[in-house]
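In this note's numbering, the protein residues as written are 198 to 310.
A virtual CB, placed ideally from N, CA and C, is assigned to each residue, including glycine.
One structure is given below, encoded as structure tokens.
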């Protein structure tokens, strides 16, 4: 099954107070973690701070068929300096399964595609 997660993030003013060069260095370290799991988890980043949004500044779309790899990726991100120094926080995660009803119909009810 293919899982999709919308991970709502909040980057705090302390993040914005850092020089852009330092923020870029931290962002590169996060990208290294994401690339490490790139074979298993597809990740897309979206900036939402200047748009209507409540309680989040950014969001990440994650797509995977392997929840274990998705979880491990976020464990590493949570151990990273941008997270542990308090520059960001995961605010919420919205999760869904792509076409789950079709899988149920095919696998459980033995209905054809």
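Distance, Cα to Cα, residue 292 vs residue 219?
If you number the chain shown from 1, residue 292 lands on position 95. If you number the chain shown from 1, residue 219 lands on position 22. Cα to Cα, the separation comes out at about 32 Å.
Let me know if residue 198 comes out buried or exposed under the rule of 16 or more other beta-carbons within 10 Å of its beta-carbon.
Taking the chain shown and counting its residues from 1, the one referred to as residue 198 is at position 1. That one is exposed.
Given a threshold of 16 other Cβ atoms within 10 Å of its Cβ, counted over all protein chains shown, does residue 270 qualify as buried or as exposed?
On the chain shown, residue 270 is found 73 positions in, with the first residue counted as 1. Burial call: buried.
Between the stretch 208-223 and the stretch 259-269, do three or more beta carbon pairs fall short of 8 Å?
no
Determine the contact status of residue 223 and residue 278, defining contact as a CB-CB distance below 8 Å.
Position 26 of the chain shown, counting from 1, holds the residue named residue 223. Position 81 of the chain shown, counting from 1, holds the residue named residue 278. With a cutoff of 8 Å on beta-carbon distance, residue 223 and residue 278 are scored as near each other.
By alpha-carbon positions, which one of 236, 289, 286 and 207 ends up nearest to residue 260?
Sequence index remark: in the chain shown, residue 260 carries index 63 (1-based). Out of 236, 289, 286 and 207, 236 has the C-alpha closest to the C-alpha of residue 260.
Helix, strand or coil: how does DSSP classify residue 284 here?
Residue numbering aside, residue 284 sits at position 87 when the chain shown is read from its first letter. Three-state result, residue 284: coil.
Suppose contacts are defined by Cβ-Cβ distances below 8 Å. Is residue 257 in contact with residue 206 by that definition?
Translated into the one-based positions of the chain shown, residue 257 becomes position 60. Translated into the one-based positions of the chain shown, residue 206 becomes position 9. Yes.
In terms of residue numbering, what span does the beta strand (DSSP E) encompassing residue 205 cover?
Locating residue 205 in the chain shown gives position 8, where the first residue counts as 1. Where residue 205 is concerned, the enclosing beta strand (DSSP E) stretches over 200-208.
Give the C-beta separation of residue 211 and residue 283 to the nearest angstrom, bearing in mind that I take them to be a contact with Cβ-Cβ under 8 Å.
Locating residue 211 in the chain shown gives position 14, where the first residue counts as 1. Locating residue 283 in the chain shown gives position 86, where the first residue counts as 1. Indeed they touch by this definition, with Cβ atoms about 7 Å apart.
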